[in-house]
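Line by line, the protein sequences are chains A and B.
For the first sequence, full-length UniProt numbering begins at 1 and goes up steadily by one.
For the second sequence, full-length UniProt numbering begins at 1 and goes up steadily by one.
Note that the Cβ used here is the ideal one computed from N, Cα and C, for glycine as well.
Below you'll find the structure, written out as structure tokens, and then a few comments.
2 protein chains.
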Amino acid sequence: MPTATALLTDRYELTMLAAALADGTAARDCVFEVFARRLPHGRRYGVLAGTGRLLEALPGFRFGEDELSALRAQGLTDERLLDWLADFRFSGDIDGYAEGELFFPGSPVLTVRASFAEGVLLETLALSILNHDSAIASAAARMVAAACERPCIEMGSRRTHEEAAVAAARAAHLVGFGASSNLEAGRRYGVPTTGTSAHAFTLLHDDERAAFRAQIDTLGVGTTLLVDTYDVEQGIRTAVEVAGPELGGIRLDSGDLPTLAARARQLLDSLGATRTRVIVTSDLDEYAIAGLMAAPVDGYGVGTSLVTGSGAPTAGMVYKLVERDGVPVAKRSEGKNSVGGRKSAVRRHAADGTATAEVVSSSPILPSDGDRDLVVPLVRDGELCDHASPAQALRTARDHHARVREALPAEAWALSRGEPALETVPA
Amino acid sequence: MPTATALLTDRYELTMLAAALADGTAARDCVFEVFARRLPHGRRYGVLAGTGRLLEALPGFRFGEDELSALRAQGLTDERLLDWLADFRFSGDIDGYAEGELFFPGSPVLTVRASFAEGVLLETLALSILNHDSAIASAAARMVAAACERPCIEMGSRRTHEEAAVAAARAAHLVGFGASSNLEAGRRYGVPTTGTSAHAFTLLHDDERAAFRAQIDTLGVGTTLLVDTYDVEQGIRTAVEVAGPELGGIRLDSGDLPTLAARARQLLDSLGATRTRVIVTSDLDEYAIAGLMAAPVDGYGVGTSLVTGSGAPTAGMVYKLVERDGVPVAKRSEGKNSVGGRKSAVRRHAADGTATAEVVSSSPILPSDGDRDLVVPLVRDGELCDHASPAQALRTARDHHARVREALPAEAWALSRGEPALETVPA
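Next up, the structure:
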């Protein structure tokens, strides 16, 4: 049974619907588009994430007896509205960028074509999911880039809403994080999960040696021991004494990491533990990761800054009516204006395969060599176009992201603030 | 049936548990404490929120067949661990600050006394909920203060994870927001919901007049009309022509709000709509709200900055083992150190009722006149101490918050960065 998602919705969607049902405009053919007016904080690209979760949520977007009673209890008692909602299931079309695709200002990442009634209802849920997941994926992609080939682990569940944590683990894996601490992300999406121990485990024991012994006995010598509860150097010595030189890894979770990592590596090598990995995890973000590039670090665990979007916790996407009965429409007063009309979008590439522009147009785009159409069908007549499992959909999005990021020009990978790596241009 | 929450958990809680079950330390009596080492960004106080949601989630924190299969599938195959989890229900004690209470660096906002096994399992879920909800409540409280007595409406659902949106609506209401756009928050927590229309509703119609007519016909003249789709002045004239001078409100969602609000008020008054409210909603945060204090504004709708914690999207709380078999314990290496031992806490007040200090101590606190004990029992032997409904619990927390914030010294309400309004001192 799909989870009930219909009330994860702003009340104004329903008051608009009630008024539109009353005057007959609810049936008008509409096109709504999701796009970001700009990228946050001088970011150079965004990563679209959440499309798969939105498609998962769609079948459960129904108004059963419980939902209708809840609406009545909140004063939404218009019987025409409630009757309409009781029969509602989405029957329109949805197109969009493939999940994992890059986006730029104005990229039409999701397009809903339906009656006004059906299209307006999806606004809140679509934006909640895409804004959150894309914010996390966009931050995580910068961390993966900063880490170069070193593995990144998502471990931010404790720093965000418990359900957002699952979505964040999914978004991080989508852009290349190898694993997550979150068990529910493992269950729902097949994200590989990992974890060993916290300071509490060492403090639970009479001494560090007993804690390490217990961990090795249960998890094997391939485990990662947390060595900074008391004294780091002594912790490393004890770890190697207990586990032997085959110890899988040590973890450093505090202090000046570049210095500590270098000293830890040297000490491990001197103890013969030359293959023991050094994992660091203390308040990392993309800048700290980049700052550790010269340090002998074998993996990064990232928490807070990942699940909060590293300064940009929401992606700034909006859901706008752009066409009504075939006529382009757009807000026209001061500020926040949009371009009317349903958009097409291609990514333009140079002969060497490097992306050069995001072409977005409400007129048809004349295809050039090296253009890649960015918009794919997701839902037709209310039916999902693809019946992949959530885990399969995530793998597909992960592969897609890995492919398309390769085409970005080199300046896109700079962490400093700058302009979008691709300019959004008309056809 | 309670929602299954057990896998909203970091894997390392289970690997620690497995190792502790193997060496017998899992049964040791432990005390874990939740506290924030510091307030974010020069904030002067924090507001504890989420306790009620944590207590709601506790009965569902069980490992049924589905959860155990999911763990096996992720390689957690230790039979001793799985057997223990199958029988697990939390049987310990939980104390904490009342929800809605203010907190300061080191305030012991939640204390879990249980075996290591039972206590360690709750870490992730407790921190996810308290860190998220307290971040939102702490930001929202500043907005309520900046708005003085003017009403605030939470409308950020579209800018955060769809479930975080419900929790954010709850947290905002807790600290004094009057209403939310989020229908699910209405259903689960009795938060009053509100909403009228978006630009899409105007664009759907052939002209603004038709849109206003439709909205008035269905929602009555007491509704709020969005007047900035085309030209604000013309929008206001049309609104009053259609609704008459009894129009409930107009909403401004773009442009330079102080100027626009003043012009709108003047125009409304000149049209005889002297009681029509002016509601503003465009990218507000506590600073923008304060900047509108001199403008004739009757209400604020707050979205993005509220649900993202206005620059501090997580509360920085940690969950630390502080006592094991009656012995205080604490991490001792460089950085991130804690004070061992279970804490008591009182808030000290001057004779005029103004709070003067947060007294936190691992020794008993000798009570003075004007001390208020901050720690209340929440769970005893695994049973909730209070069986209030979620909506009742929220009302209680809201009342508590309104009471205790009155005692803060005046400088606490400054929006500028500063030191915590109360110093945390030992007994």
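Within the region 176-196 of chain A, contact with chain B at the beta-carbon level (separation under 7 Å) is assigned to S181, N182, L183, E184, G186, R187, T193, T194, G195 and T196. Looking at the DSSP output, A:A114 bridges to A:C30. Note on geometry: alpha-carbon atoms of A:G316 and B:Q266 lie some 33 Å from one another. If one requires a minimum length of 4 residues, the alpha helix (DSSP H) runs lying completely within the region 8-56 of chain B are 11-23, in chain order. At least one CB atom of chain B sits nearer than 8 Å to the CB of A:F201. Under the rule that a run must span 4 or more residues, the alpha helix (DSSP H) segments found entirely inside the region 177-202 of chain A read 183-189.
For the region 296-318 of chain B, residues whose beta-carbon sits nearer than 7 Å to a beta-carbon of chain A comprise T304, T308, P313 and T314.
Take B:F61, set aside five residues on each side of it, and the residues of its chain with a beta-carbon closer than 6 Å to its own are T5 and A6, in chain order. Look at the region 228-257 of chain B: the residues with a C-beta under 9 Å from a C-beta of chain A are D228, T229, Y230, D231, V232, G235, D253, S254, G255 and D256. With respect to A:E123, A:Y319 sits close: the two C-beta atoms are nearer than 8 Å.
Inclusion of B:G340 and B:P328 in the CB contact set at 8 Å is warranted, their separation being smaller than that value. Shown in chain order are the members of the region 115-131 of chain A whose Cβ falls below 8 Å from a Cβ of chain B: F116, V120, E123, T124, L125, L127, S128, I129 and N131.
With fewer than 16 other Cβ atoms from the protein chains shown falling within 10 Å of its own Cβ, A:E65 counts as exposed. Here B:S138 is buried: its Cβ has 16 or more other Cβ atoms, across all protein chains shown, within 10 Å. Taking the Cα positions, A:A410 is about 14 Å away from A:R417.
An exposed status is given to B:A73, since fewer than 16 other beta-carbon atoms sit within 10 Å of its beta-carbon. Rounded to whole angstroms, B:E154 and B:T259 show a C-alpha spacing of 23 Å.
When the Cα atoms are used, A:L76 and B:A185 turn out to be separated by approximately 15 Å. The residue from B:I136, B:A20 and B:A261 with its alpha-carbon nearest to that of B:S305 is B:I136. A:D87 is not a Cβ neighbour of A:V379, given a cutoff of 8 Å. Nearest CB-CB separation between B:K331 and chain A: below the 8 Å threshold. Under DSSP, B:I94 takes part in a beta bridge, and its partners are B:V112 and B:V379. Annotation: Cβ neighbours of B:M155 in chain A (cutoff 8 Å, chain order): D10.
For B:D207, not one C-beta of chain A is nearer than 8 Å to its own C-beta. For B:M16, the nearest beta carbon of chain A is closer than 8 Å to its own beta carbon. For B:S338, the number of other beta carbons within 10 angstroms of its own is at least 16, and it is reported as buried.
The Cβ-Cβ distance between A:S157 and B:A165 does not fall below 8 Å.
Along the region 354-405 of chain A, the alpha helix (DSSP H) occurs as fully enclosed runs of 4 or more residues at 390-405, listed in sequence order. Taking a cut-off of 8 Å on C-beta distances, the region 168-176 of chain A touches the region 187-197 of chain A, as three or more cross pairs fall below it.
Rounded to the nearest whole angstrom, the CA to CA distance from B:M143 to A:T15 is 27 Å. With fewer than 16 other Cβ atoms inside 10 Å of its own Cβ, B:H41 counts as exposed. Between A:R275 and A:V242, the alpha-carbon positions lie close to 16 Å from each other. Not one beta carbon of chain B lies nearer than 8 Å to the beta carbon of A:E99. Beta-bridge partners of A:C152 (DSSP): A:Y300. B:S254 counts as buried, since no fewer than 16 other beta carbons sit within 10 angstroms of its beta carbon. Closer than 8 Å to the CB of B:E163 there is at least one CB belonging to chain A.
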